[in-house]
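So the structure is just underneath, and the comments pick up after that.
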Amino acid sequence: MSSVEERLKAAGKALQETRRPFDVGAGLHRLAREAGYTATARPAPRQRTRRSSAADGGIPPAPEPVTS
1 MSSVEERLKA AGKALQETRR PFDVGAGLHR LAREAGYTAT ARPAPRQRTR RSSAADGGIP
61 PAPEPVTS
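All residue numbers for the sequence shown refer to UniProt numbering, where the first residue is 1 and numbers rise by one.
Listed below in structure tokens is the structure:
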């Protein structure tokens, strides 16, 4: 046994966190989400490029590259 394990055993159960089963953790997460403490998963916003913005009428398209 390592010295850390020996110290923890000597300190007793007060310092040791009990492990929660997965469903308890999921239930706590659900409660936090319903209470508004966590954000719900949303689809990522569409990244707008100059071409897609120009197609939407937002900004003029970028000039074509000069090849000479």
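From the three backbone atoms N, C-alpha and C, an ideal C-beta is built for every residue, glycine too.
{"Check": "Sequence-distant residues of the same chain with beta carbon closer than 7 Å to ALA32, five excluded per side", "Outcome": "THR38"}
{"Check": "Rounded separation between LEU28 and ALA35 - CA only", "Outcome": "11 Å"}
{"Check": "Distance between VAL4 and ALA11 (C-alpha atoms, nearest Å)", "Outcome": "11 Å"}
{"Check": "Alpha-carbon spacing of ARG19 relative to GLY25, whole angstroms", "Outcome": "10 Å"}
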